[in-house]
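Numbering (the working numbering), first residue to last: 56 to 401.
In this text, a Cβ means the ideal position worked out from N, Cα and C, and glycines have one as well.
No experiment lies behind these values; they were computed from the predicted model shown.
Here's the structure, in structure tokens; my notes come after.
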């Protein structure tokens, strides 16, 4: 652990892109609770239920320190205007076209949002002296890797979906800007995030809805899947600690034997995962327990772009910011089910 861990500077203005999204909403809410000024950007696209996004946004807009900007990150002029008209100190870039399977159907939207959009954010940070850019990468960058647990020091040159390839590209683009312009950047490889206000296209949400409607759930790879399910509050705690502690560059970086997790530039990548992969069938059993119902299961093969198992090594996160995710899947699912029943009046 670092000798002097920094705390959030509440005098700064924080830009959160994707603020109406699952992680963006929770992060903006936390920053506001800490007393920070937050600009939230989102395009409220219809990849999933827009009303859910609007409901999240309505909660954020109750705080006078929050200001919403409607824009697409791939709209270069809109992003240039955003940075020109506001003093932004820290950027947390979470806006992206999400979803592994959808990237097989609609690849162009991933290039526009995840590549062009990220370039616009990088340029905004570069030209307006942003102090730290934190951005969402993904555990999907580990792709075809089978060495477990996944370490940020591992080679990640074999993605198995275009979504994963765009996230790996973001890390490469960020490193370039860290090197060329001394822009501190931190990429966060999130591992299967779940919890209240979650995404309707994710397994927990889909399973809960189907079970309560007495419909079958789709169990891929015939149930032989394991995921490093990470509760949203743990994700947010990790993000907040990282925000406050930007990378400085490693003076001992070995260019003859480079470590992918480090750099001579002010660049860093972290895993944020629970570090305890859970078998999919165990996950379903836990959900059945909290719903008080047994799921009808439709067993299916592994889908293109999916990986059978994810498992995060969070050693460097613990070392650098003193945090290790710890919420159990049992507790996390219970909280999600309570929220779902309340929100949908089930």
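Does the stretch 319-326 come into contact with the stretch 367-374, if we say contact requires no fewer than three beta-carbon pairs (one atom in each stretch) closer than 8 Å? yes
Mind reading off the beta-carbon distance from residue 384 to residue 284? Whole number of angstroms is fine, and I expect it under 8 Å. As a first step, residue 384 is located in the chain shown; it is residue number 329 there, counting from the start. As a first step, residue 284 is located in the chain shown; it is residue number 229 there, counting from the start. Right, the Cβ-Cβ distance comes to about 5 Å (below 8 Å), so this counts as a contact.
Restricting to runs no shorter than 4 residues, where is the alpha helix (DSSP H) found entirely within the stretch 233-281? 258-267
Find the nearest neighbour of residue 262 within the set 278, 252, 350 and 218, judged by alpha-carbon distance. As a position in the chain shown, residue 262 is number 207, starting the count at 1. Among 278, 252, 350 and 218, the Cα nearest to that of residue 262 belongs to 350.
Among 188, 98 and 111, which has the Cα closest to the Cα of residue 130? For this step, residue 130 is matched to residue 75 along the chain shown. Among 188, 98 and 111, the Cα nearest to that of residue 130 belongs to 98.
Over the uninterrupted beta strand (DSSP E) stretch that includes residue 326, give me the two end residues. Position 271 of the chain shown, counted from the first residue, corresponds to residue 326. Residues 322-327.
For a quick check, are the C-beta atoms of residue 177 and residue 218 less than 7 Å apart? Within the chain shown, the letter at position 122 stands for residue 177. Within the chain shown, the letter at position 163 stands for residue 218. Not closer than 7 Å, so no.
Kindly list the residues whose CB is nearer than 6 Å to the CB of residue 118, restricted to its own chain and excluding five residues on each side of it in sequence; keep chain order. Translated into the one-based positions of the chain shown, residue 118 becomes position 63. Result list for residue 118: 87, in chain order.
Verify whether the separation of the beta carbon atoms of residue 172 and residue 215 is less than 7 Å. Your numbering for residue 172 matches position 117 in the chain shown. Your numbering for residue 215 matches position 160 in the chain shown. Contact: no.
DSSP on residue 92, reduced to helix/strand/coil? As a working mapping, residue 92 is identified with position 37 in the chain shown. If DSSP states are grouped into helix, strand and coil, residue 92 belongs with the strands.
Identify, in the order they occur along the chain, each residue of the same chain with its Cβ nearer than 7 Å to the Cβ of residue 93, setting aside the five sequence neighbours on each side. On the chain shown, residue 93 is found 38 positions in, with the first residue counted as 1. Around residue 93: 69, 71, 83, 86, 87, 120 and 121.
According to DSSP, residue 342 sits in a beta bridge with which residue or residues? Translated into the one-based positions of the chain shown, residue 342 becomes position 287. Answer by DSSP bridge pairing: none, since residue 342 is not bridged.
Starting from residue 187, follow the beta strand (DSSP E) in both directions and report where the run begins and ends. Position 132 of the chain shown holds residue 187. Element bounds for residue 187: 187-193.
Could you tell me the distance, in whole angstroms, from the CA atom of residue 309 to the CA atom of residue 199? Sequence index remark: in the chain shown, residue 309 carries index 254 (1-based). Sequence index remark: in the chain shown, residue 199 carries index 144 (1-based). Approximately 26 Å between the Cα atoms of the pair.
Quick one, are the C-beta atoms of residue 111 and residue 150 less than 7 Å apart? As a working note, residue 111 is residue 56 in the chain shown. As a working note, residue 150 is residue 95 in the chain shown. No, the pair does not count as a contact, with Cβ atoms beyond the cut-off.
Hey, out of 115, 67, 95 and 391, whose CA is closest to residue 254's CA? Taking the chain shown and counting its residues from 1, one reaches residue 254 at position 199. Considering only alpha carbons, the answer is 391.
Could you tell me whether the Cβ atoms of residue 333 and residue 287 are closer together than 7 Å? Taking the chain shown and counting its residues from 1, the one referred to as residue 333 is at position 278. Taking the chain shown and counting its residues from 1, the one referred to as residue 287 is at position 232. Cβ atoms of residue 333 and residue 287: not closer than 7 Å.
From residue 77 to residue 259, what does the alpha carbon distance come to, in whole angstroms? The count along the chain shown starts at 1 and reaches residue 77 at position 22. The count along the chain shown starts at 1 and reaches residue 259 at position 204. Distance between the alpha carbons of residue 77 and residue 259 is about 13 Å.
Taking C-beta to C-beta, are residue 145 and residue 186 nearer than 7 Å? As a first step, residue 145 is located in the chain shown; it is residue number 90 there, counting from the start. As a first step, residue 186 is located in the chain shown; it is residue number 131 there, counting from the start. Yes, the Cβ-Cβ distance between residue 145 and residue 186 is below 7 Å.
Tell me whether residue 109 is buried or exposed, calling it buried when 16 or more other Cβ atoms sit within 10 Å of its Cβ. As a first step, residue 109 must be located in the chain shown, where it is residue number 54. Exposed, since its Cβ has fewer than 16 Cβ neighbours within 10 Å.
Would the stretch 151-161 count as touching the stretch 200-213 if we require 3 or more Cβ pairs under 8 Å? no
If you reduce the DSSP assignment to three classes, tell me which class residue 365 lands in. Mapped onto the chain shown, residue 365 falls at position 310. Coil at residue 365, not helix or strand.
Kindly list the residues whose CB is nearer than 7 Å to the CB of residue 292, restricted to its own chain and excluding five residues on each side of it in sequence; keep chain order. Here residue 292 is taken as the residue at index 237 of the chain shown, counted from 1. Once the five neighbours on either side are set aside, the close Cβ partners of residue 292 are 378.
Residues in its own chain within less than 7 Å of residue 257 by CB, not counting five upstream and five downstream? Translated into the one-based positions of the chain shown, residue 257 becomes position 202. Contacts found: 249.
Could you check whether residue 180 and residue 174 sit closer than 7 Å to each other, using their CB atoms as the reference points? Here the question's residue 174 lines up with position 119 in the chain shown. Here the question's residue 180 lines up with position 125 in the chain shown. In this structure, residue 180 does not lie closer than 7 Å to residue 174 by Cβ.
Straight-line CA distance for residue 90 to residue 106? To locate residue 90, count along the chain shown from 1; it is residue 35. To locate residue 106, count along the chain shown from 1; it is residue 51. One C-alpha to the other measures close to 27 Å.
Residue 114 to residue 125 span [Cα, whole Å]: Here residue 114 corresponds to residue number 59 of the chain shown, with the count starting at 1. Here residue 125 corresponds to residue number 70 of the chain shown, with the count starting at 1. When rounded, the distance between both Cα atoms is 16 Å.
By the three-class DSSP mapping on this structure, what secondary structure does residue 97 have? Locating residue 97 in the chain shown gives position 42, counting from the first residue. Reduced to three states, the DSSP call for residue 97 is strand.
Could you spell out the range, first to last residue, of the beta strand (DSSP E) harbouring residue 391? Counted from its first residue, the chain shown places residue 391 at position 336. Note, residue 391: premise wrong, no beta strand (DSSP E); alpha helix (DSSP H) at 384-399.
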